[in-house]
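**Q** Let me give you the structure first, and then I'll get to my questions.
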Amino acid sequence: MTAGFPHDCSGCHTTANWQGATFDHNVTRFRLTGAHISVLCAACHIGGRFAGTPMNCSNCHLSDFEKAANPNHRQLNFSMQCEGCHTTTNWQGAKFDHNTLTTFPLTGAHVALSCVACHVGGRFTTISNDCASCHLNDYQKATTPNHAAAGFPTACATCHTTTQWRGAQFNHNTSTKFALTGAHATAACSQCHANNRFAGTPMDCVGCHLTDFQKTNNPNHTAAGFPTGCVTCHTTTQWTGAKFDHNKTPFPLTGAHVTVACAQCHAGGKFAGTPMDCVGCHLSDFQKATNPNHTAAGFPTACVTCHTTTQWMGAKFDHNTATKFPLTGAHVTTACSQCHANNHFAGTPMDCVGCHLADFQKTTNPNHTAASFPTTCATCHTTTQWLGAKFDHNTATKFALTGAHVTVACAQCHVGGKFAGTPMDCVGCHLTDFQKTTNPNHTAAGFATTCSFCHTTTQWLGAKFDHSKTPFPLTGAHVTVACAQCHVGGKFAGTPMDCVGCHLTDFQKTANPNHTAAGFPTTCTMCHTTTKWLGAKFDHNTATKFALTGAHVTTACSQCHANNRFAGTPMDCVGCHLTDYQKAMNPNHTAAGFPTTCTMCHTTTQWMGAKFDHSKTHFPLTGAHVTVACAQCHVGGKFAGTPMDCVSCHLTDFQKTTNPNHVAAGFPTACITCHTTTQWLGAKFDHNKTPFPLTGAHVTVACALCHVGGKFAGTPMDCVGCHLTDFQKATNPNHAAAGFTTACITCHTTTQWLGAKFDHNKTPFPLTGAHVTVACALCHVGGKFAGTPMDCVGCHLTNFQKTTNPNHTAAGFPTTCITCHTTTQWLGAKFDHNSATKFPLTGAHVTVACAQCHVGGKFVGTTMLCYGCHQAQFTATTTPSHTASGFSTDCSLCHTTTNWLGATFNHNTATKFPLTGAHVTVTCAQCHANNVFAGLPMTCVSCHLATYNATTNPNHKASGFPTTCESCHTTAAGWVGAVFNHASTGFALTGTHATTQCAQCHVNNNFNLTSAACFNCHATEYNGTTNPPHKTAGFPQDCSLCHTTTNWLGATFNHATTGFALTGAHTSLQCAQCHINNNFSLTSAACV
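1165 is the number of the first residue of the sequence shown in the numbering used here; add one for each residue after it.
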């Protein structure tokens, strides 16, 4: 009991013999191996204490650790994980595995060295891993080559190995950014690195081969403006026999271009600015072409549309890709001239009616014009064959043909060739069928006239009513009940849909249990189903807020619901188990102040054997706390108010600690900073969780070296706090004289103090290109670093002033050299006209020589307006005359920099009259006669007045129609087929009005009707109606109160507008039942 052994006796004892129990220590978390096997239990478990025995080595072997002197474990800050070197078999003869336990594996000659050769004076924790920390003297004495003078890095492993110091090999391909290939691989080092100069050796070709570049005259590289990137044509294998790959330029050579001599295109050795568009070389061919005449036809100058580089003659025009009108069917074999008469290509109409209007107007079977068919011929006709057109009723109309409708002749529905306005609702054709039906009587039952609800187009008879589409789907026994059983006397409207509407008597008569007395709800579906009324099941889990689990599931209902009492049954545990709570003594729940939420420890499966989950409190148990007896912390059965901070229990441990002295050092009492609940001894302090994480050499420094005399608070965290002397003594360069910052980490790292590196890129002046390899002293003369200029001209003013091609000073160039030059190469500067000026070069401007625009080396003040350079062309143009027509001098409105000829005027953006429909294909001269462009009217009637006056169907002029043609007409080809929006008159056409012919209402072309009242047209129907008699009954003449434009018959009267709304049984009464002898003038609404 004291040792806290488990209650499972079979772990040690057997049923054969109680005495002589055997304990298998290997089933614990501490297996016995080596010398541990023969140690007596009492040697480790002193005083019979088994629970909480520590399992780490240092708890038993701490004195061995502290006494170890060869080497001194404590002084060298060795880890207390003894198993790293020692074994349980033999404590003496420990072995240290340098490869796995350190970050410096021993290889090569390092393996055979004695420990003291590196760890002089027993120094283990402050040894650096980098080569130079031991071999700096070898580095500094090396003369072939001189490592220090050459600025070699101190990373010896780049060339040397641990196997052999001498015979080092430098891999130029992996250790530098300049891999040696071809002839470079066999060149002597001194050929490139003269006078042992390695740092700053240029890596671009021209750095060594500039003389070769400048002397080359076949072709002359300098005169031709070739780039100095030699690798474009040359290789490191062989300098001569260079090959230029024209396909890597923006103009790959294909077809006949491949065999053309370079000089044929690059006349006079001129390479830069050679045009890349076809017309740049073939303009003469374009202008001379007569079959067809390219210029007259307005063809674009993009020759590749029809021609190829393989063969100039035999060009092929792909009508399908080059135009918006692909040729299909009979169009494919039609001669070009049949559509493009007189070589007229621009503006050819692309809609069917543009060519086939005569065919449309002449068609009589059926008469397309009379039937108001649309002029989109493709709806029925194809390009394969004009005759035998097929009309797809399913896609071309909103009334798809299905079932018996598919085989009905067109004339049966479209009587007299009338297609427009044919009704699409069922009752439009089947109203008589609806009114004559008596089984059941559709009219009396108030059925909707949407026949498709029950009938199909496949078969009219045998209609089926789908009750599941109503708010009351039929399920279970309801499916087989006869309709008349629920819909008594053929009454369908107002049938109740809740269970109790039919089953109230069943509810009231039920006695087991008594539904009424128990206050059960009348929602029968909670327990009953439509499948079977008897045998109802109550689901306690879903129907209540108290789900039954464990022993509650098998408890009889009456045990909780005594005397059939269901409402108000408590749902908290203590409502039933208060007596159990009050009688509990182990522990005493009441005295301990335990909450009455029994589920914290008990379950519904089993009341006894409750378990308290300490992890659900604010103090989860971990480590050694898990095995501590409850009474050890909760003395005298006191649970409430037990402290949860470490120091409340461990204050004595804190105060007695001397290594280090926690109180003297001012350590916080938050023990978990270093200690764990697993093991009190062997605490570890994580320095990385302080504001000063340990990295590099700092990790292995003994604590006492920084925290002298056990002082921890106030230790400086900036580098100079410890390294001020190093800073002041530094002479290469002199840190103090140069005014360097005392933030050592700018250049130094904690890994290695020597070999500091300054990252110039973190200054406001990053080093790039040739600047990277320049010696520091070249810019920072005399060790002066502060105030070094950062603008280009600060160092390159002399270069700027001496430049003559072009003369920078005379041209007024800015001194911001980076506009054209780069740090990679001073020569071969490039000026980006697009980003550096407000005049980007595009099209033909890109290849124009600078001197052509900047005459006499004048750059400042060069005009950027088109007219400034192209005034002569503007003035001389006669087709059309730009000057006479008053055209804008903004050439870019029509012309582009790609091609001056073939200008395109965008009528849609440049004017207030966008071209649409047939206007797009009209020639300019047709509207702009005699080159008159300015001041032309933009109203329709200004051009179409004659058409307006001549129109007779209807007579526009006599009817006083407005001259705003666009109200009905569009610019689409074929002027005919105008559509008038009747809603703009104030009388929108809906229902059958939409399909009524205009002349039916506007007799004798009378459009000036003054009233839109229904009675004006429907007085005859009003006066002749007898069921009920509208005139005798004094019905209002506003037909829209009951009738709709969709269907004249089946009018609906809203009785609520009379002041007597119909409700309940009144809703289903026939009108004549109240209004006897058609008496609608009733003066009283009293029931009696």
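Glycine included, every Cβ here is placed at the ideal spot set by N, Cα and C.
Is DSSP giving Asn1823 helix, strand or coil here?
**A** coil
**Q** What's the C-alpha gap between Thr1139 and Cys1663?
**A** Nothing about residue 1139 can be reported from this structure: the residues present for the chain run from 1165 to 2252 only.
**Q** Out of Gln1549, Ala1612, Asp1228 and Phe1583, which has the shortest C-alpha to C-alpha gap to Lys1562?
**A** The residue with the shortest Cα to Cα distance from Lys1562 is Phe1583.
**Q** Under 9 Å between the Cβ atoms of Thr1833 and Thr1786?
**A** It is not a contact, given that the beta carbons lie outside the stated cut-off.
**Q** Within 8 Å, do at least three Cβ pairs link the segment 1896-1906 to the segment 1320-1338?
**A** No: fewer than three Cβ pairs fall under 8 Å.
**Q** By a C-beta neighbour count over all protein chains shown, 10 Å radius and 16 as the cutoff for buried, is Phe1537 buried or exposed?
**A** buried
**Q** Any idea which residues DSSP pairs Asn1971 with across the strands?
**A** Thr1968
**Q** If I measure Cβ to Cβ from Ala1829 and keep anything under 8 Å in the same chain, skipping five residues before and after, which residues do I get?
**A** Gly1874, Lys1875, Phe1876 and Ala1877
**Q** Any Cβ of chain C within less than 9 Å of the Cβ of Ser1779?
**A** Here there is only one protein chain, and chain C is not present.
**Q** For a quick check, are the C-beta atoms of Lys1802 and Ala1774 less than 9 Å apart?
**A** no
**Q** Enumerate in chain order the residues of its own chain whose CB-to-CB distance from Cys1886 is below 8 Å, with the five nearest sequence positions on each side excluded.
**A** Closer than 8 Å at Cβ, skipping near neighbours: Cys1870 and Pro1880.
**Q** Measure from the alpha carbon of Pro1855 to the alpha carbon of each residue in Ala1866, Asp1882, Ile1836 and Val1865, then state which is nearest.
**A** Asp1882
**Q** Nearest by alpha-carbon distance to Glu1247: which of Ser2045, His1262 and Asn1220 is it?
**A** Checked all of Ser2045, His1262 and Asn1220; the closest Cα to Glu1247 is Asn1220.
**Q** So the candidates are Gln2234, Thr2026, Phe1242 and Val1945; which of them puts its Cα closest to the Cα of Leu1226?
**A** Phe1242
**Q** Would you grab the beta carbon distance between Ala1900 and Cys1911 for me? Rounded to a whole angstrom, and I think it's under 8 Å.
**A** In fact, because the Cβ distance is near 15 Å, the residues do not count as touching under 8 Å.
**Q** State buried or exposed for Thr2184, treating a residue as buried only when at least 16 other CB atoms are found within 10 Å of its CB.
**A** exposed
**Q** Compute the Euclidean distance between the alpha carbons of Phe2244 and Val1591, then round it to the nearest angstrom.
**A** Distance between the alpha carbons of Phe2244 and Val1591 is about 29 Å.
**Q** Nearest-angstrom Cα distance between His1935 and Thr1987?
**A** The straight-line gap from Cα to Cα measures roughly 7 Å.
**Q** Taking 8 Å as the cut-off, is the CB of Cys1574 close to at least one heavy atom of the ligand ZN?
**A** In terms of ligand content, the structure shown is empty, and the ligand ZN therefore cannot be addressed.
**Q** Taking the C-alpha atoms as reference points, what is the distance between Val1443 and Pro2004?
**A** 22 Å
**Q** Kindly list the residues whose CB is nearer than 7 Å to the CB of Gly1419, restricted to its own chain and excluding five residues on each side of it in sequence; keep chain order.
**A** These residues qualify, in order along the chain: Thr1472, Thr1473 and Thr1474.
**Q** Output needed for Cys2129: all residues of its chain with C-beta closer than 8 Å, excluding positions within five of it in sequence on either side, in chain order.
**A** Cys2104, Val2105, His2108 and Tyr2112
**Q** Three-state secondary structure (DSSP) at Asn1236?
**A** strand
**Q** Is it true that the CB of Phe2038 sits closer than 9 Å to the CB of Thr2047?
**A** yes
**Q** Below 9 Å between beta carbons: does that hold for Thr1713 and Thr1768?
**A** yes
**Q** Any idea if Phe1463 is buried or exposed, counting beta-carbon neighbours within 10 angstroms, 16 or more meaning buried?
**A** Taking a 10 Å sphere around the C-beta of Phe1463, we find 16 or more other C-beta atoms and assign the residue as buried.
**Q** For the pair the segment 1956-1966 and the segment 1923-1939, tell me if three or more CB-CB distances fall below 8 Å.
**A** no
**Q** Check whether the Cβ atoms of Phe1377 and Thr1392 lie closer than 9 Å to each other.
**A** yes
**Q** Under 9 Å, do Met1764 and Phe1783 count as touching if we go by C-beta distance?
**A** no
**Q** Which same chain residues, not among the five before or five after Leu1270, have their C-beta less than 6 Å away from its C-beta?
**A** His1262
**Q** Do Val1957 and Cys1981 have their C-beta atoms closer together than 9 Å?
**A** yes
**Q** Quick check on the burial criterion: 16 or more other C-beta atoms within 10 angstroms. Buried or exposed for Cys1205?
**A** exposed
**Q** Alpha carbon to alpha carbon, how far is Lys1948 from Arg1361?
**A** Each residue's alpha carbon lies about 24 Å from the other.
**Q** What is the DSSP secondary structure of Asn1998, reduced to helix, strand or coil?
**A** helix
**Q** Strictly by DSSP, which residues pair up with Ser2045?
**A** Thr2042
**Q** Output the distance between the C-alpha atoms of Thr1365 and Cys1353, rounded to the nearest integer angstrom.
**A** 11 Å
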